[in-house]
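Structure record follows, encoded as structure tokens.
Residue numbers (the numbering used here): 3 to 345.
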């Protein structure tokens, strides 16, 4: 685990200041709820808070990085930092029962024990109710941090017992500057990653470290040709897309769903850019800036109604994949729908 201090976290100034004030005034909550999309600093903030709380030589209420506790955290063997992640599709009651047992003991090495529950919205009802008992009567010396995308996905009784700290998507320009400086990207590619990731640095880095731009080129080429395809040709394209994703992402996600979500996000950004230009929107809001010339060249081919319906079809496909629907059927249905809509 690399050194993570508040000062190293990109943006999220309100969250950083709130937590540092809580430390300085010794008014810490027993439970925090960090909300926001993935990849914007929630996990890093939890680590930074753990280090700051247990550091013996804090500097402006931030971790020093040198004391025994900091070195243990950096080495990944600090005994008072616990984490719970989904076991399969859910966080199960046995995981929470085990956590409750651990929390009943005093911290081993530090002043506070911190436990981070990742994707807290995936708690089963039984697990959530078991956790609720701990939130109602928290053992001293323990701090729980729940990470979730939306508070509405959690039981209201859990949300009400946590101090909520919202995290915001990172500004595109700030992300662009960071990617250019720290990942040696040219500005055009950095802008595309910053915009298409929706302000998620974590997602942008995953794209940066993969063959994302090559796959994106292929996906967009297929999408541009789709409106002119016959039904049979469109069906062949749908099957080809489905098979390609299964090969691309066999281990990380069932039937390549992660790869399919990436493709749908690219297609969504393309239709969004076309709609923006067709309706006379400002060009600085274009996501696919490296395709600006192509976009301006083809905007006359598409009716506004077609672009809106296409965006709705893609949004439905994204929702279906999130609901764990059959990914092959979802992608085939989406491709055929986009083909039937016609420009």
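Don't be surprised by glycine CBs; every beta carbon is placed ideally from N, CA and C.
Helix, strand or coil for residue i? Go by DSSP, reduced to three states.
i	result
residue 142	coil
residue 281	coil
residue 183	helix
residue 157	coil
residue 70	helix
residue 117	strand
residue 260	helix
residue 84	strand
residue 335	helix
residue 12	coil
residue 292	helix
residue 1	Only positions 3 to 345 of the chain appear in this structure, which leaves residue 1 out of reach.
residue 212	coil
residue 304	coil
residue 110	coil
Do residue j and residue i have their beta-carbon atoms positioned less than 7 Å apart in this structure?
i	j	result
residue 262	residue 333	yes
residue 6	residue 50	yes
residue 155	residue 123	yes
residue 312	residue 338	no
residue 347	residue 172	This structure leaves residue 347 out entirely; the chain is present only between 3 and 345.
residue 206	residue 199	yes
residue 106	residue 141	yes
residue 165	residue 9	no
residue 174	residue 208	no
residue 279	residue 297	yes
What's the gap between the Cα of residue i and the Cα of residue j?
i	j	result
residue 15	residue 43	11 Å
residue 253	residue 272	Summary for residue 253: the model assigns pLDDT 48, below 50, so the residue's position carries little reliability; its value from the coordinates is reported in the next sentence. Near 28 Å, if we compare the C-alpha coordinates of residue 272 and residue 253.
residue 238	residue 330	13 Å
residue 56	residue 184	29 Å
residue 12	residue 182	14 Å
residue 89	residue 35	20 Å
residue 72	residue 78	10 Å
residue 39	residue 241	31 Å
residue 132	residue 100	11 Å
residue 287	residue 76	40 Å
residue 103	residue 136	10 Å
So residue i and residue j are supposed to be a Cβ contact under 8 Å. How far apart are they, rounded?
i	j	result
residue 277	residue 226	That belief does not hold up - the Cβ atoms of residue 277 and residue 226 are roughly 15 Å apart, past 8 Å.
residue 33	residue 116	Rounded, the Cβ-Cβ distance is 11 Å, inconsistent with contact.
residue 111	residue 80	7 Å
residue 83	residue 25	That belief does not hold up - the Cβ atoms of residue 83 and residue 25 are roughly 16 Å apart, past 8 Å.
residue 93	residue 125	5 Å
residue 129	residue 160	The pair is not a contact, with the Cβ atoms about 11 Å apart (cut-off 8 Å).
Going by DSSP, what residues sit across from residue i in a beta bridge?
i	result
residue 35	148, 166
residue 93	125
residue 322	In the DSSP output, where bridge partners are listed per residue, residue 322 has none listed.
Taking only beta-carbon atoms, is residue i less than 7 Å away from chain B?
i	result
residue 178	Absent here is chain B; the protein component of the structure consists of one chain.
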